[in-house]
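Asks:
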Amino acid sequence: MGVIIHAAVLAFGLILPLGVQNVFIFNQGMSQRSYARALPAIVTAGLSDTLLIGAAVGGVSLILLQWPVLANVLYAGGSVFLLYMAWSIWKSSGPANSSAAVLSAGRQIAFAASVSLLNPHALLDTVAVIGTSSLQYEGVARFYFAITAAVVSWVWFLGLAGAGRLVGRTDRTGRISIFFNRLSAVVMVGMAGMMLWKLIVS
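Here this note's numbering is used: the first residue of the sequence shown is 784, the next is one more, and so on.
1. Taking DSSP as the reference, what is the three-state secondary structure of Ser902?
2. Return helix, strand or coil for Gln753, following the three-state DSSP convention.
3. Count the C-beta pairs between the region 955-965 and the region 851-867 that are closer than 8 Å, then say yes if the count reaches three, no if not.
4. Here's the rule I'm using: 16 or more other beta-carbon atoms within 10 Å means buried, otherwise exposed. How should Trp850 be labelled?
5. Would you mind sorting Arg816 into buried or exposed? The rule is 16 or more other CB atoms within 10 Å of its CB.
6. Can Ala944 be considered in contact with the ligand COA, in the sense that its beta carbon sits closer than 7 Å to one or more heavy atoms?
7. Give the range of the alpha helix (DSSP H) segment to which Asp832 is assigned.
8. How long is the line joining the alpha carbons of Ser831 and Gly976, rounded to whole angstroms?
9. Under the assumption that Val912 contacts Leu982 (Cβ atoms under 8 Å), give the Cβ distance between them as a whole number of angstroms.
10. Does the distance from the CB of Tyr927 to the CB of Ile787 come in under 8 Å?
11. Going by beta carbon distance, what residues of the same chain come within less than 7 Å of Ile825, once the five residues before and after it are set aside?
12. Indicate whether Val840 and Ser899 have their beta-carbon atoms separated by less than 8 Å.
13. Apart from the five residues just before and just after Val950, which ones in its own chain have a Cβ nearer than 7 Å to its Cβ?
Written out as structure tokens, the structure is:
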């Protein structure tokens with residue numbers, strides 16, 4: 784039981800702060816015409832987090848800590864993707880359920896994967912916190928640790944998209960939807976700026 788509580792607390796601590804991934808999932812829940820239509824983004828984010836957690840616990844992702852050049856490549860690539868996403872979302876800002884504001888399943892998958900897998904902050908947090916914390920466990924206990932952390936991510940994304948759907952359904956004027964779309968774009972630009980700064984000073 785202790786390992787499950789430990790993993791749950793760590794996972795929630797990492798996922799709760801406002802970030803690009805959270806804003807994007809909330810946005811999709813809000814802007815899609817139904818909850819089911821936001822599933823491509825939810826499932827992609829969940830699978831991406833599961834992959835990262837598995838890699839961190841398995842020790843594979845420790846290479847990020849050993850090869851600074853790889854981290855720089857991630858910062859460069861991640862910032863470019865985030866700027867493109869910010870531009871796309873800002874350009875499509877409009878009332879929830881409008882044709883301009885709704886992303887196709889393919890774009891949801893591409894965007895969700897990029898904010899999950901090309902986010903150096905998320906990658907390094909996973910390695911530094913989840914990966915190193917799992918080292919105190921062995922065998923089945925470490926497996927439980929990884930599974931619990933992954934389940935927390937899935938539950939969070941499902942709930943976050945659900946909250947977004949509730950907001951989208953009650954937003955009859957479209958103003959809330961426009962605000963969150965633009966907030967999402969601003970957060971992405973801010974994260975891209977931080978990545979570029981890290982790249983410059985490294």
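Each residue gets a CB set at the ideal place from its N, CA and C atoms; glycine is no exception. Note that the structure is predicted; figures quoted are calculated from it, not measured.
Replies: In short, the structure shows the following:
1. To locate residue 902, count along the sequence shown from 1; it is residue 119. Reading off the sequence shown, one finds Asn at residue 902, where the question assumed Ser. Asn902 falls in the coil class under three-state DSSP.
2. A question about residue 753 goes unanswered here, because the residues of the chain that appear run from 784 up to 985.
3. no
4. Position 67 of the sequence shown, counting from 1, holds the residue named residue 850. Per the 10 Å Cβ criterion, exposed.
5. Taking the sequence shown and counting its residues from 1, the one referred to as residue 816 is at position 33. Exposed, by the Cβ-count rule.
6. No copy of the ligand COA occurs in the structure displayed, which carries no ligand at all.
7. Counted from its first residue, the sequence shown places residue 832 at position 49. It spans 822-841 - the alpha helix (DSSP H) in which Asp832 sits, taken as one unbroken run.
8. Start at 1 with the first residue of the sequence shown, and residue 831 comes out as number 48. Start at 1 with the first residue of the sequence shown, and residue 976 comes out as number 193. About 23 Å.
9. For this step, residue 912 is matched to residue 129 along the sequence shown. For this step, residue 982 is matched to residue 199 along the sequence shown. About 22 Å separates the CB atoms of Val912 and Leu982; that is not less than 8 Å, and the two are not in contact.
10. For the purposes of this step, residue 927 is taken as residue 144 along the sequence shown, with counting starting at 1. For the purposes of this step, residue 787 is taken as residue 4 along the sequence shown, with counting starting at 1. Yes, these two residues count as a Cβ contact at 8 Å.
11. In the sequence shown, residue 825 corresponds to position 42, counting from 1. Once the five neighbours on either side are set aside, the close Cβ partners of Ile825 are Ile808, Phe940, Leu941, Ala944.
12. Position 57 of the sequence shown, counted from the first residue, corresponds to residue 840. Position 116 of the sequence shown, counted from the first residue, corresponds to residue 899. Note that the C-beta distance between Val840 and Ser899 is not below 8 Å.
13. Counting from 1 along the sequence shown, the entry for residue 950 is found at position 167. The answer, listed in chain order, is Met813, Ile959.
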